[in-house]
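Chemist:
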Amino acid sequence: YEFVCERHAGQYYDTGEPYVDHLLAVASSLASMKLDLDTIVAGLLHGTLKEQVATHEELKKKFGNDVANIVDGATRITNVRYNSQLAHEAENIRKLLLAMGADIRVLLVKLADRLQDMLNLDAVREEERRAKSRETMDLYAPLASRIGIEWLKRELEDLAFKYLLPVEYADLTAHLESTLAERQAYVDEVIEILHEKLRANKIVPVRIIGRPKHIYSIYKRSEEHTSELQSRSDL
27 YEFVCERHAG QYYDTGEPYV DHLLAVASSL ASMKLDLDTI VAGLLHGTLK
77 EQVATHEELK KKFGNDVANI VDGATRITNV RYNSQLAHEA ENIRKLLLAM
127 GADIRVLLVK LADRLQDMLN LDAVREEERR AKSRETMDLY APLASRIGIE
177 WLKRELEDLA FKYLLPVEYA DLTAHLESTL AERQAYVDEV IEILHEKLRA
227 NKIVPVRIIG RPKHIYSIYK RSEEHTSELQ SRSDL
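Going by the working numbering, the final residue of the sequence shown carries number 261, and the count climbs one at a time with no gaps.
Next up, the structure:
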């Protein structure tokens, strides 16, 4: 922490806050995922190579080989350029990112970094908001799913949806807020029914977790349903 405060002195994040605040948010996100110390330290240091305020050798000497390699890998991923106009490109780049992140901790640092960027997207220009949201929807949300972090995939999708389709997002959010209690009651009822069925078949103890669908998945399902109905009417 003292190292990044010294090296990033005078640098500011998109929000206008000190850049160190962003680094702390990334490290805190990684810590909340109960990751190892090297990953959390790499989260604090992830901007040092990108901003050219330290070298790989310096990081290796002060913080160890693993930390230096994680920071280096996350920086190389940041430098990958994505063209959303090329529909076939997303899957190829996802494969490239997986290959570059042979140590999964590289991907975790980058995903935590992207999450913080998306949470603060109001601070950047409209054009950049849309470009970053498109990249998040096409690359980073599927990447989070591919390595098994579904809650992060859902959050990234919802944040990207908010900026890509703001009118649809606002309408759906308002509707969901008005029906949240009803939807949660339905989930709770289904959970209790499942518990009863399992107990009747002597399958205990068991933990069942339910949740209402997240915003983007509801939107996507409704669009698929509309498209399906349109296809039938065309027939």
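Every residue, glycine too, gets a C-beta built ideally from N, C-alpha and C.
Is the Cβ-Cβ distance between Y166 and L190 less than 8 Å?
Modeler: no
Chemist: Taking 8 Å as the cut-off, decide whether the C-beta atoms of A51 and Q142 are in contact.
Modeler: yes
Chemist: Short of 8 Å in beta carbon distance, which residues of its chain neighbour S55, apart from the five on each side in sequence? Order them along the chain.
Modeler: G69, A138, L141 and Q142
Chemist: Classify P231 as helix, strand or coil using the three-state DSSP reduction.
Modeler: Correct three-state label for P231: coil.
Chemist: Where does Y195 sit, in a helix, a strand or coil, going by DSSP?
Modeler: helix
Chemist: Quick one: give me the first and last residue of the alpha helix (DSSP H) that N95 is part of.
Modeler: N91 to T104
Chemist: Pick out whichever of E117, P231 and K246 has its Cα sitting closest to the Cα of Y195.
Modeler: Among E117, P231 and K246, the Cα nearest to that of Y195 belongs to K246.
Chemist: Given this structure, state the Cα-to-Cα distance separating E84 from A128, to the nearest angstrom.
Modeler: 22 Å
Chemist: Who pairs with P44 in a beta bridge, going by DSSP?
Modeler: Among the bridge pairs identified by DSSP, P44 is matched with Y38.
Chemist: Can you tell me which of L147, D197, L185 and L71 puts its alpha carbon nearest to the alpha carbon of V135?
Modeler: L71
Chemist: Is it buried or exposed for T65, if we count other Cβ within 10 angstroms and need 16 for buried?
Modeler: buried
Chemist: If you draw a straight line from the C-alpha of Q210 to the C-alpha of S204, how long is it?
Modeler: Computed Cα separation, rounded: 12 Å.
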